[in-house]
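Residue 53 in our numbering sits at position 47 of the sequence shown; the count goes up by one each step and never skips. Okay, so here's the structure we're looking at.
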Amino acid sequence: MDKISAVVITNNASATIGKCIDALKVVSDDIIIIDSFSTDNTSEICKQKDIKIFEQKWLGYGPQKNFGISKTSNNYILSIDADEIISNELAASIIKEKKVGLTGLYSLLFQHYYYTDFSKHGSSRPGTKVRLFNKNNVKWNEREVHEKLIIPKNEKIRQLEGYLLHYSYRSISHQIKKIDNYTTLGAKELSMKGKKYSLLKMIFSPPINFIISYFIKLGFLDGIHGFVVAKFAAHESFVKYAKLWEMKRKEKIKAN
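Here it is, written out as structure tokens:
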């Protein structure tokens with residue numbers, strides 16, 4: 007049977023890391039945790055479960071995950087986040103593929119939990135992402151946020167059955183805290199690319215994101231839940247561009 011190394015990056019993930027690890031143990035032969043100096047009991051939970059944990063100063067999402075891959079002993083990598091839990095059906099699919107032999111890439115079907123329920127529509131509706139791959143052929147890009155896998159052309163991708171349960175936001179308060187972090191990273195990335203702030207983007211990006219989530223992606227079918235998700239999609243877009251404006255404004259003032 008082929009072997010898999012799981013890689014998980016963590017930071018203050020004590021609420022979900024235990025269940026994440028328990029599910030990974032069913033399908034993985036090796037689990038690597040890369041922790042960016044959590045201040046809660048994330049490290050203690052990992053050690054209690056006899057998992058390899060490496061402390062690494064935050065490098066950005068892509069570089070942090072690549073660092074984790076460098077610590078693995080198997081060619082096939084299952085790369086998930088600390089707030090993602092493999093369902094029983096997905097575990098069975100992975101084990102089946104291990105028995106017949108792993109080839110190419112595998113996409114997982116994500117189901118996103120927001121506040122009280124799993125989303126069915128809108129910007130947080132279920133979707134697929136490649137998360138099981140051969141590290142000799144695939145790696146993460148170096149983006150600090152919204153990282154993507156660099157996948158060679160003509161690489162065969164197969165979707166596995168079952169959900170990867172993503173506990174995105176346990177509450178609205180939790181989402182507000184994470185948005186603050188994501189938007190700061192997003193604004194820094196735009197700034198590093200030389201992108202300029204625009205009043206038009208701050209005006210029109212939020213409503214466009216709301217329309218996409220609530221109407222085009224049918225978020226309204228999820229009732230108030232879908233409306234709240236869409237409003238936060240709009241809010242996140244505005245805050246990112248507002249922070250970019252703030253960064254550029256401070257740079258200009260400092261230069262004068």
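All C-beta atoms in this analysis are idealised placements derived from N, C-alpha and C, irrespective of residue type, glycine included. Just so it is clear, the structure is predicted and the values come from calculations on it, not from any experiment.
Reduced DSSP category for residue i - H, G, I as helix; E, B as strand; rest coil
i: histidine 172; result: strand
i: histidine 118; result: strand
i: isoleucine 157; result: coil
i: glutamate 167; result: strand
i: alanine 12; result: strand
i: aspartate 28; result: helix
i: tryptophan 251; result: helix
i: phenylalanine 60; result: strand
i: phenylalanine 124; result: strand
i: lysine 145; result: strand
i: leucine 96; result: helix
i: serine 79; result: coil
i: serine 129; result: helix
i: serine 113; result: strand
i: phenylalanine 246; result: This sequence places lysine at residue 246; phenylalanine is not what is there. Looking at lysine 246 - three-state DSSP - the assignment turns out to be helix.
i: phenylalanine 43; result: coil
i: alanine 261; result: helix
i: glutamate 150; result: coil
i: lysine 256; result: helix
First through last residue of the alpha helix (DSSP H) which encompasses residue i
i: serine 211; result: 205-217
i: aspartate 186; result: 178-198
i: isoleucine 51; result: 48-54
i: isoleucine 75; result: 67-75
Run of the beta strand (DSSP E) containing residue i, from where it starts to where it stops
i: arginine 137; result: 133-140
i: leucine 84; result: 82-87
i: glutamate 90; result: 90-92
i: aspartate 228; result: Segment: none, aspartate 228 is in no beta strand (DSSP E) and carries neither H nor E.
i: aspartate 312; result: There is simply no residue 312 to check, as the chain begins at 7 and stops at 262 in what is shown.
Nearest-angstrom beta carbon gap, residue j and residue i [assumed within contact, 8 Å]
i: alanine 88; j: threonine 22; result: 6 Å
i: methionine 208; j: alanine 248; result: 6 Å
i: serine 211; j: leucine 250; result: The pair is not a contact, with the Cβ atoms about 11 Å apart (cut-off 8 Å).
i: leucine 84; j: isoleucine 157; result: Between isoleucine 157 and leucine 84 the Cβ distance is about 16 Å, and since that is not below 8 Å, they are no contact.
i: lysine 135; j: leucine 114; result: 6 Å
i: lysine 232; j: tryptophan 146; result: Here residue 232 turns out to be glycine, not lysine, going by the sequence shown. Glycine 232 to tryptophan 146, Cβ: 31 Å. No contact.
i: serine 11; j: serine 34; result: 7 Å
Own chain residues within Cβ distance below 6 Å of residue i, not counting five before or after
i: lysine 25; result: Ile91
i: valine 245; result: Thr189
i: lysine 55; result: Ile27
Neighbourhood of residue i by C-beta distance below 7 Å, restricted to the same chain and skipping five residues each side
i: lysine 77; result: Ile38, Phe60
i: leucine 191; result: Glu150, Val151
i: lysine 105; result: Met7
i: leucine 65; result: Phe73
i: glycine 107; result: Asp8
i: isoleucine 57; result: Ile27, Ile37, Ile39
i: asparagine 80; result: Lys9, Ile10, Ser11, Asp35, Asp36
Close-in-space but distant-in-sequence residues of the same chain around residue i (CB under 8 Å, 5 per side omitted)
i: tyrosine 82; result: Asp8, Lys9, Ile10, Ser11, Leu108, Leu138, Phe139, Asn140, Lys141
Between the segment 113-129 and the segment 169-178, can you find at least three pairs of beta-carbon atoms closer than 8 Å? yes
Pair every Cβ in the segment 69-81 with every Cβ in the segment 98-106, then say whether three or more of these pairs are closer than 8 Å. no
Stretch-stretch touch, CB-based, cutoff 8 Å, three pairs: the segment 127-137 with the segment 43-50: no
For the structure I just gave you, are there three or more beta carbon pairs, one from the segment 160-169 and one from the segment 221-228, closer than 8 Å? no
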